[in-house]
Amino acid sequence: MKRNYYLSVSIFLLLIVGVALSGCSSKEAASATGDQVILVGTQNDYPPFAFADDNNELTGYDVEVVKAIDEQLDGYTFEFVAVPWDSMFLALESNKIQAIADQVAKTPERQEKYLFTDESYFASQTVIAVKTGREDIQTIEDLEGKKVGALAGDSYTLLLEEYNKKAAQPIDLKYSESGNPSEILQDVQNGRLDAYVNDPIMVNAVLEKNDLGVEIVGQPLVNDDMGIVMKKGEQGEKLKALIDPILKELKQDGTLAELSKKWTGGEYIPE
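In case it helps, mature numbering (1 follows the signal peptide of the UniProt record, and there is no 0) puts the sequence shown at residues -22 to -1, 1 to 249.
Right, dumping it as structure tokens:
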């Protein structure tokens, strides 16, 4: 337990240092252009939505959506900060970042604590992934008593945690220390985990990249809309009011559909 605590603290301290250094360069850029810099948190290991490319630059669908917003938003410059998922909301609450673009589902619990854009920029599904050839798992009920990989605080884990409150036999959630979906899927392949619940596009991207013997089974459990997240308060309200009209325009002019096809192979844009 202590090891996990010190690891989390170390990661967050590194995050603070990284953002502080980024803040220095941001201030210089803001001074030169007169723009206000908004730091946007996202992961660097969640393809095809947000990940580091071969040049260690953040890219992916979510990143390019924010860049498209940035192009149309005068007076502001968006800069990206790679943040581990388990530190993402802590970084937002402490103003180390001012927004999150990381496939965050609009759950009622999150909407009570944070501001979301009214306009959603992606429609996501929730599916079950198991080792190829396994036939005993098809539904969420089949996960009862099974070992299922989980990331603390993500919408897929929250779904399973909520299910456990009424399950005859709780799902045995195994929380990842690394926070890396690729490692969780590798554990599904080698049998250390029975299943993983997440988005099918991300799962398929990881499977293709790593050539894993894992497959998606059954029907989608849930459909979710994703939004950009901000901290509640005057700053967040102002940013939300600026972003929403641009997101609506990007949806109407087909920009979001084009980006979705580019990164996911299909148009997964909410109406």
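All C-beta atoms, glycine included, are put in the ideal place defined by N, C-alpha and C. Keep in mind it's a predicted model, so treat the numbers as computed, not measured.
Taking the alpha-carbon positions, what's the Q14 to L51 distance?
11 Å
For S102, write down the residues that DSSP places opposite it in a beta bridge.
D202
DSSP puts F67 in a beta bridge; with which residues?
Its beta-bridge partners do not exist; DSSP assigns none.
Could you have a look at T20 and say whether DSSP puts it in helix, strand or coil?
Here T20 sits in strand by DSSP.
In three-state terms, what does DSSP make of T37?
strand
Contact check, L109 vs D150 under 8 Å by CB: the rounded distance?
Checking the sequence shown, residue 109 turns out to be Lys, not Leu. At roughly 16 Å, the Cβ-Cβ gap does not stay under 8 Å, so K109 and D150 are not in contact.
Which of helix, strand or coil does DSSP assign to T233?
helix
Tell me the residue span of the alpha helix (DSSP H) that contains K91.
P86 to K91
Just curious, the beta strand (DSSP E) that Y153 is in, first and last residue?
D150 to Y153
Helix, strand or coil: how does DSSP classify Q14 here?
strand
From which residue to which residue does the beta strand (DSSP E) around V166 run?
Taken as a continuous stretch (DSSP letters only), V166 belongs to no beta strand (DSSP E), being part of the alpha helix (DSSP H) at P159 to Q167.
Touch check for the stretch 197 to 215 and the stretch 78 to 85: three-plus C-beta pairs under 8 Å?
yes
Would you say I221 and T95 are within 7 Å of each other, going by their C-beta atoms?
yes
Kindly indicate the opening and closing residues of the beta strand (DSSP E) around V59.
Y54 to A60
Following the continuous beta strand (DSSP E) through K125, name the residue where it begins and the one where it ends.
Its beta strand (DSSP E) spans residues K125 to A128.
Looking at the structure shown, is A83 part of a helix, part of a strand, or coil, going by DSSP?
strand
If you follow the alpha helix (DSSP H) that A183 is part of, which residue opens it and which one closes it?
P178 to N188
The alpha helix (DSSP H) spanning S133 covers which residue range?
In this chain, the alpha helix (DSSP H) harbouring S133 covers S133 to N142.
Tell whether a beta-carbon distance below 7 Å holds between F58 and T20.
yes
Given 8 Å as the limit, is there contact between the stretch 131 to 149 and the stretch 221 to 231, that is, 3 or more CB pairs closer than that?
no
So what does DSSP say about Q213, is it helix, strand or coil?
helix
Assuming A128 and S154 form a contact by the criterion Cβ under 8 Å, report the distance between their Cβ atoms to the nearest whole angstrom.
7 Å
Spell out the partners DSSP gives Y174 in its beta bridges.
Answer is A107 and G127, bridged to Y174.
How far does the beta strand (DSSP E) with F27 in it reach, from first residue to last?
Taken as a continuous stretch (DSSP letters only), F27 belongs to no beta strand (DSSP E), as it is neither H nor E.
Could you tell me whether the Cβ atoms of L121 and L163 are closer together than 7 Å?
no
Given S102, which residues of its chain have a CB within under 8 Å of its CB, disregarding the five upstream and five downstream residues?
Within the same chain, S102 has close Cβ partners Q81, A83, D177, I179, N201, D202, D203, M204 and Y246.
Using only the alpha-carbon positions, how far apart do Y99 and G169 sit?
35 Å
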